[in-house]
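If you read the sequences in order, they're chains X and E. Here the first sequence stands for residues 317 to 669, numbered as in the numbering used here. Here the second sequence stands for residues 14 to 399, numbered as in the numbering used here.
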Amino acid sequence: MSETSAIVAETAARIFEDLADPQTVNQAKDEGWQAPLWNSLEESGLTLAWVPDALGGAGASLADGFEVVKVAGRFAAAVPLAETLLAGWLLSEAGISSPAGAMTIAPSRWSDDLKIDAAGVLTGKARNVPFGTRAGHIAALADGPSGPVVALVKLGDVRPTEGRNLAGDASVEIAFDKVKAIAHSAAPVGLDRQRLMLLGATVRANQMAGALETVLAITTRYAGERVAFEKPISKFQAVQHNLARLAGETAAAVAAAGSVADTFANGITDDRFFLEAAGAKIRVSEAATEGASIGHQVHGAIGFTKEHILHRFTLRLWSWRDDFGNESDWAVRLGRMIAAKGAEELWPLVASR
Amino acid sequence: MTAAIQFDQLRLPPECEKLRAEVRAFIAEETEAGIIKPSGATGGDSFSREFSRKVGAKGWLGMTWPKKYGGHERTFLERYVVTEELRVANAPTRLHFVADRQSGPILLKYAPEHIKMKVLPAICRGECCFAIGMSEPNSGSDLFAARTRATKADGGWLINGTKIWTSNAHQADYMIGLFRTSAPTKENRRHGLTQFLVDMKTKGITCNPVYQITGHHDFNEVVFENAFVPDDHVLGEIDGAWKQATSELAYERSGPERFLETYYVLEELVRVLGPDPDVRGAEGLGRLVAQLHTLRRMSVSVAGMLHAGKEPVLEAAIVKDVGTIWEQRLPHRARELAAFSEPEATNQVPFDKKLAYATTIAPKLTIQGGTTEVLRGIIARGLGLR
Chain X
317 MSETSAIVAE TAARIFEDLA DPQTVNQAKD EGWQAPLWNS LEESGLTLAW
367 VPDALGGAGA SLADGFEVVK VAGRFAAAVP LAETLLAGWL LSEAGISSPA
417 GAMTIAPSRW SDDLKIDAAG VLTGKARNVP FGTRAGHIAA LADGPSGPVV
467 ALVKLGDVRP TEGRNLAGDA SVEIAFDKVK AIAHSAAPVG LDRQRLMLLG
517 ATVRANQMAG ALETVLAITT RYAGERVAFE KPISKFQAVQ HNLARLAGET
567 AAAVAAAGSV ADTFANGITD DRFFLEAAGA KIRVSEAATE GASIGHQVHG
617 AIGFTKEHIL HRFTLRLWSW RDDFGNESDW AVRLGRMIAA KGAEELWPLV
667 ASR
Chain E
14 MTAAIQFDQL RLPPECEKLR AEVRAFIAEE TEAGIIKPSG ATGGDSFSRE
64 FSRKVGAKGW LGMTWPKKYG GHERTFLERY VVTEELRVAN APTRLHFVAD
114 RQSGPILLKY APEHIKMKVL PAICRGECCF AIGMSEPNSG SDLFAARTRA
164 TKADGGWLIN GTKIWTSNAH QADYMIGLFR TSAPTKENRR HGLTQFLVDM
214 KTKGITCNPV YQITGHHDFN EVVFENAFVP DDHVLGEIDG AWKQATSELA
264 YERSGPERFL ETYYVLEELV RVLGPDPDVR GAEGLGRLVA QLHTLRRMSV
314 SVAGMLHAGK EPVLEAAIVK DVGTIWEQRL PHRARELAAF SEPEATNQVP
364 FDKKLAYATT IAPKLTIQGG TTEVLRGIIA RGLGLR
């Protein structure tokens with residue numbers, strides 16, 4: 317990690333520690349904690365880290381932004397930080413200035429079908445739009461008459477349906493019923509649906525890696541505190557081996573997510589990025605399934621309650637598996653790519669990373 | 014909070030990629046010449062004097078060791094590239110692999126100068142095969158239960174006892190053996206063991222084959238009856254071998270051989286599934302490739318952290334735990350995915366052959382060099398649980 321990335325990560329971590337401590341958030345009666353957190357993130361320039369100064373952002377590097385995303389995952393705070401980062405990136409790629417406030421992004425599903433005409437009028441439907449009721453704007457990538465077009469839509473101009481993911485965060489269906497974009501511009505060469513899905517997968521993989529780090533930390537701590545049969549359960553070999561497996565899954569997630577972030581931050585967008593991003597979303601999602609269940613097993617009944625913070629991480633881990641392509645979906649795509657290249661090309665591709 | 018798990022994002026530097034091209038060119042030549050047999054299932058497990066000598070002549074053994082011992086003073090990252098390319102090519106590395114990876118570094122650290130000058134250059138030439146004398150009939154994972162004795166004699170030591178599961182012993186020039194020189198103490202049950210360099214031609218050593226479930230002979234029972242080992246063959250501190258498990262262990266645990274041992278099955282699976290697999294085949298293949306890619310990134314990252322002088326002990330143990338389980342599962346997963354492939358296809362025969370071999374060797378992958386159970390204990394310690 318570069319020095320600036322470390323500073324950015326530290327800044328983000330401090331804000332989350334102060335304003336989104338999982339224990340405090342979990343005990344909060346309402347969502348009043350969200351506004352101060354968001355304001356602080358915004359004031360620090362973290363929400364628009366991937367937007368250049370000229371387009372209204374903080375102009376941080378891609379690497380810095382990924383650090384922010386990972387830190388956000390460690391706290392699993394229910395604010396659209398990752399979505400706003402992604403939206404800002406998408407708009408900037410097309411030279412569109414980012415508005416203030418929270419944004420979200422569409423599509424986040426392969427099956428979504430968005431179209432835009434030459435006048436900037438959108439039609440189609442996007443499902444499971446994360447934080448789709450909480451954002452002020454939506455950055456969308458739609459099929460235009462002559463290729464992909466980036467569009468900025470005001471949330472007030474569309475009617476999202478109610479919907480929530482497993483963790484209770486808004487995840488809504490948005491119908492674009494001849495909605496006029498407030499700005500639109502052709503996407504640059506190379507920026508297509510797949511690129512957006514790959515970057516979305518990269519962002520989610522990094523959030524999930526962060527969340528798994530926290531699951532490992534709180535599970536290890538709990539095992540050391542909880543006494544049963546007259547000793548801390550961390551002294552039982554069966555529990556130790558479960559925690560070792562959790563460490564292995566967390567390690568795989570951290571390595572895969574960090575690797576794809578580094579790849580994209582270094583401007584690599586070819587098959588190597590495809591391997592890294594699809595590979596990370598697949599492997600990190602598998603780690604989420606495995607890791608969350610170990611976390612719950614070690615915590616026993618208390619981890620299954622609203623009162624304990626564990627669910628803040630595990631429920632989001634499960635939900636995030638589905639955003640920007642789930643692991644089965646990416647596995648089919650990656651498998652087909654490998655099969656089409658042939659056996660001889662497999663090792664050279666793996667070894668190129 | 015527990016110690017964070019960290020993987021620095023290392024990419025292999027340009028000199029490594031140049032070297033990779035050289036290794037691949039060499040592999041192509043050797044394949045052409047029939048020394049490397051891509052279709053032969055047992056490739057990586059095969060023993061070839063000719064091949065090991067050629068690898069030595071290329072300068073790819075003892076790569077990181079000082080030049081005065083025949084080494085090449087190259088980086089661990091360069092060694093990493095050679096190791097992974099030879100492993101993936103199924104090259105017959107059995108003769109030199111243990112010597113290069115683990116015995117040589119022990120000698121470098123603990124052998125007297127004249128022994129180093131004699132043995133290390135032979136390893137670098139690819140002429141020297143090593144065995145590791147650790148396990149005994151009643152001492153496997155619990156190394157400190159070893160009972161084979163070394164008793165002080167005039168000018169050296171007399172060894173008596175039995176080592177078992179000793180790979181390569183029947184072909185090895187030397188063994189690095191762990192023998193009991195004193196009884197353990199009440200305070201420290203690890204006390205009392207000493208490492209020795211043993212010339213396998215020594216009188217009083219008998220090798221009895223132990224055949225494995227693959228039908229191959231790799232294991233041996235090695236019986237010592239008053240076998241004499243001279244004083245200058247003691248490696249390190251007498252009674253203090255337990256202190257000598259060092260940072261080399263991290264290299265040993267996290268190398269590419271810890272997840273590539275059955276890689277050939279994956280490549281054959283791609284052939285069997287063909288260029289346009291159904292959804293089931295594609296998904297299964299995609300997941301395996303994602304898992305392999307992740308393991309390699311973990312492994313390369315640990316190599317990079319070691320190279321940078323860090324001590325990623327926890328991460329290295331995790332690579333071995335996750336990696337060996339993956340390579341062990343791989344043949345079984347490939348079998349499931351290939352279940353509906355066309356039995357008449359030309360690529361079915363090599364797949365079946367390699368699958369059969371990988372399936373039979375798979376059980377050893379999570380036992381050799383530290384079992385899963387032992388590794389998880391090490392990881393638990395790294396997490397601060399013990």
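For glycine and all other residues, C-beta sits at the position ideal for the given N, C-alpha and C. The model shown is predicted, which means the values in this text are computed figures rather than measured ones.
- Listed by position along chain E, the residues whose Cβ is nearer than 7 Å to that of His-615/X form an empty set, because the closest Cβ is around 15 Å away.
- Among the bridge pairs identified by DSSP, Glu-234/E is matched with Ile-177/E and Asn-221/E.
- A direct Cα-to-Cα measurement between Ala-544/X and Val-387/E gives close to 24 Å.
- Taking a 10 Å sphere around the C-beta of Gln-339/X, we find fewer than 16 other C-beta atoms and assign the residue as exposed.
- Listed in chain order, the alpha helix (DSSP H) elements of length 4 or more contained wholly in the stretch 517-559 of chain X amount to none.
- When only Cα atoms are considered, Leu-626/X and Leu-401/X end up about 26 Å apart.
- By the Cβ criterion, the stretch 377-394 of chain X is in contact with the stretch 568-581 of chain X, since at least three pairs of Cβ atoms, one from each stretch, lie closer than 8 Å.
- Of all alpha-carbon atoms in Ile-391/E, Thr-359/E, Leu-350/E and Trp-73/E, the one lying nearest the alpha-carbon of Gly-84/E is that of Trp-73/E.
- The Cβ atoms of Lys-333/E and Arg-266/E lie closer than 8 Å to each other.
- With a threshold of 8 Å between beta carbons, Leu-650/X makes contact with chain E.
- Note on the stretch 315-367 of chain E: whole alpha helix (DSSP H) runs with a minimum of 4 residues are 326-350, in chain order.
- Comparing alpha carbon positions, the residue from Asn-181/E, Gly-249/E, Glu-355/E and Thr-379/E closest to Phe-192/E is Gly-249/E.
- Annotated as distal: Lys-496/X and Val-445/X, with beta-carbon spacing of 8 Å or more.
- In the DSSP secondary-structure assignment, His-500/X is bridged to Ala-467/X.
- In terms of CA proximity to Leu-430/X, Ala-456/X leads the group Ala-456/X, Thr-449/X, Ser-408/X and Ser-414/X.
- Restricted to the stretch 15-75 of chain E, the alpha helix (DSSP H) segments that are unbroken, complete and at least 4 residues in length are 27-45 and 62-70, listed in chain order.
- Under a 10 Å Cβ-count criterion, Tyr-123/E is classified as buried, with 16 or more other Cβ atoms of the shown protein chains found around its own Cβ.
- In terms of Cα proximity to His-204/E, the closest of Ile-177/E, Asp-186/E, Ser-180/E and Ala-158/E is Ala-158/E.
- The alpha-carbon of Trp-339/E is positioned some 7 Å away from that of Phe-272/E.
- Check the Cα spacing between Asp-289/E and each of Arg-628/X, Gly-658/X, Leu-378/X and Ala-376/X: the tightest is with Gly-658/X.
- Contacts with chain E at 8 Å (Cβ-Cβ) do not include Val-385/X.
- Taking a C-beta cut-off of 7 Å against chain E, none of the residues of the stretch 326-341 of chain X qualify.
- Within chain E, the residues Leu-305, His-306 and Arg-309 have their CB atoms less than 7 Å from the CB of Val-666/X, given in chain order.
- Beta-bridge partners of Asp-459/X (DSSP): Lys-431/X and Pro-464/X.
- Proximity of chain X to Arg-389/E at the Cβ level (cut-off 8 Å) is accounted for by Gln-556, His-557, Ala-560 and Arg-561, in chain order.
- For the stretch 390-458 of chain X, the continuous alpha helix (DSSP H) assignments of 4+ residues that do not extend past its boundaries occur at 397-409, in sequence order.
- Note: Tyr-187/E is bridge-paired with Phe-143/E and Asp-212/E in the DSSP secondary-structure output.
- Between Arg-284/E and chain X, the shortest Cβ-Cβ separation is below 8 Å.
- Chain-ordered listing is empty here: chain X has no CB closer than 8 Å to the CB of Ile-251/E, the nearest sitting near 33 Å.
- The bridge partners DSSP lists for Lys-165/E are Trp-170/E.
- Rounded to the nearest whole angstrom, the C-alpha separation of Gly-595/X and Ile-610/X is 22 Å.
- For Gly-297/E, the chain X residues whose C-beta falls within less than 8 Å of its own C-beta are Ala-647 and Gly-651, listed in chain order.
- DSSP places Ile-136/E in the helix class (H, G or I) of the three-state scheme.
- Around the beta-carbon of Pro-26/E, fewer than 16 other beta-carbon atoms lie within 10 Å, marking it exposed.
- Here DSSP, grouped into helix, strand and coil, assigns Ile-625/X to coil.
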